[in-house]
Amino acid sequence: MERSVVALTSSSVNEEAYSEIQIQLDSHKASPKLIIFFSEVDMLWFFSQKLQSRYPDSVVIGSSTYVNYNSEGYSHCGASVLAVNSDIEVTSGLLFDIDRHPGMYKAHITNALSGLSSYENTCCLEFMTAFGKGEELVLDTFEEALAGTGITVAGGSAGVATDRKETFVALNGAIYKNTCAFVLIHNLKGKIGLYRENIFKPTSYRFTATYADCEDRVVMEYNEEPAAEILARALNVPVDRLPKELESHPMGRIVDGTINITEADEVYADGSISYYATIYNHTKMLLLETDNIKRVWKETVERVKNDFKEPAFTISINCLSRSRLFENENCFGEFVNVLRNYGTFIGVSGYGEQLNFVHLNQTMILLVFE
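Numbering (full-length UniProt numbering), first residue to last: 1 to 370.
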């Protein structure tokens, strides 16, 4: 039996989509310990129930996504499944009320830890619902609960293929709002590599956030000027064209030599700008621009291949905005082909990426299993 298998369907009809997935899994004689699945938002409940019913001894975790992609291809419709059959230990849990009080559920993490035989070669994979502005609160909770274990968190905020401001996550047969679902995965066959890919580079423009509302993720002023005005001037565009320009010019903060990216959400009439991640007062920020995308892809492949001769399976968390950029550049299919360098893989595309207890935007995270 193969250690891991993937299945993909482009059908938006629940029964038909699940039947296509099940046929593919059965053809590989899947007997999974862990199932990771992604789907269009209205299909998530159906797949969560069906997969848990079919594989009652498995941990089944999932999320809604902007686009499905795995080793078999990609589709905006339908669903994508990764089944891991052997050589892992898995425990799971949920954090509720993530927009306000996820810390109240820290015991759910410690309970999951108690089910592992070892913390070595172990990671925490999490998916949380978007639009609640709770990602930093959730990551603080994980950082407290996992302190001293050496276990790192990687994951993403859920996605959706429309402008609808509603996403869901799934765990063990049910779906949830305002929740983070997580699994602790102990690799019995070797190490786990965590990587981030950044397709942006700094411009010459530097700003300090001099007036910010951290709770609402809004920056009113950079360098004591209205945020929209100073960024529009830097980009040499009128303010009414700024939202479009900011899609390819996110903000960045350099931490330990790497750039943490923060993406703009809305530009308001008063000159303030809201973001998908928190920018704190007095933070020094860089205005970014797109780098050579295909060169960056190649560099990521080289980094992973230096660490892993033959990856067993890989999980990709790719920002929704990156996916849209690749589609606009007619290279999303090429992006999926590049991911085939990482063994059997599955991916999700949503509204945020999390790594090492930091919430990011417009980034790709890879979890590579030996």
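Each residue gets a CB set at the ideal place from its N, CA and C atoms; glycine is no exception. As the structure is a computational prediction, the values presented were derived from the model and not from experiment.
As assigned by DSSP and simplified to three states, the class of M1: Counted from its first residue, the sequence shown places residue 1 at position 1. Correct three-state label for M1: coil.
To which residues of the same chain is M43 closer than 8 Å at the C-beta, ignoring the five residues directly before and after it? Counting from one through the sequence shown, the residue named residue 43 turns up at place 43. Answer for M43: S12, N14, A17, G78, A79, listed in chain order.
Output the boundary residues of the alpha helix (DSSP H) element that contains L286. As a first step, residue 286 must be located in the sequence shown, where it is residue number 286. Premise fails: L286 lies in the beta strand (DSSP E), 284 to 290, not in any alpha helix (DSSP H).
Kindly indicate which residue of V267, L184, L320 has the alpha-carbon position closest to the one of D163. Locating residue 163 in the sequence shown gives position 163, counting from the first residue. Minimum Cα distance to D163 is reached at L320.
How many angstroms separate the CA atom of T179 from the CA atom of V169? Indexing the sequence shown from 1 puts residue 179 at position 179. Indexing the sequence shown from 1 puts residue 169 at position 169. Roughly 7 Å separates the two Cα atoms.
Whose C-alpha, out of V348, G252, A228, is nearest the C-alpha of V267? What you label residue 267 is simply residue 267 of the sequence shown in a count that begins at 1. It is A228.
Quick one: using the 10 Å Cβ neighbour count with 16 as the cut-off for buried, is N198 buried or exposed? Here residue 198 corresponds to residue number 198 of the sequence shown, with the count starting at 1. By the 10 Å Cβ count, N198 comes out buried.
Whole angstroms is fine: what's the gap from G148's alpha carbon to L25's? Counting from 1 along the sequence shown, the entry for residue 148 is found at position 148. Counting from 1 along the sequence shown, the entry for residue 25 is found at position 25. About 38 Å.
Could you give the distance in angstroms between the alpha-carbon of S27 and the alpha-carbon of G103? Counting from 1 along the sequence shown, the entry for residue 27 is found at position 27. Counting from 1 along the sequence shown, the entry for residue 103 is found at position 103. If you take the alpha carbons of S27 and G103, they lie about 43 Å apart.
Within 8 Å, strictly: CB atoms of D291 and Y276: Residue numbering aside, residue 291 sits at position 291 when the sequence shown is read from its first letter. Residue numbering aside, residue 276 sits at position 276 when the sequence shown is read from its first letter. Their beta carbons are not under 8 Å apart, which means D291 does not touch Y276 by this criterion.
Along the chain, where does the alpha helix (DSSP H) containing F47 start, and where does it finish? Sequence index remark: in the sequence shown, residue 47 carries index 47 (1-based). Counting along the chain, the alpha helix (DSSP H) containing F47 begins and ends at 44 to 54.
Shortest alpha-carbon distance to L8 belongs to which of L367, G347, E370? Position 8 of the sequence shown holds residue 8. Comparing Cα positions, the closest option is G347.
CA nearest to the CA of Y205, picked from G333, Y222, T122: Here residue 205 refers to the residue found at position 205 of the sequence shown. Of G333, Y222, T122, the residue nearest in Cα terms is Y222.
Segment contact flag, the segment 359 to 367 with the segment 311 to 328, C-beta cutoff 8 Å, min 3 pairs: yes
Around the C-beta of K50, are 16 or more other C-beta atoms found within 10 angstroms, so that it is buried, or is it exposed? Translated into the one-based positions of the sequence shown, residue 50 becomes position 50. The residue is buried, with at least 16 neighbouring Cβ atoms inside 10 Å.
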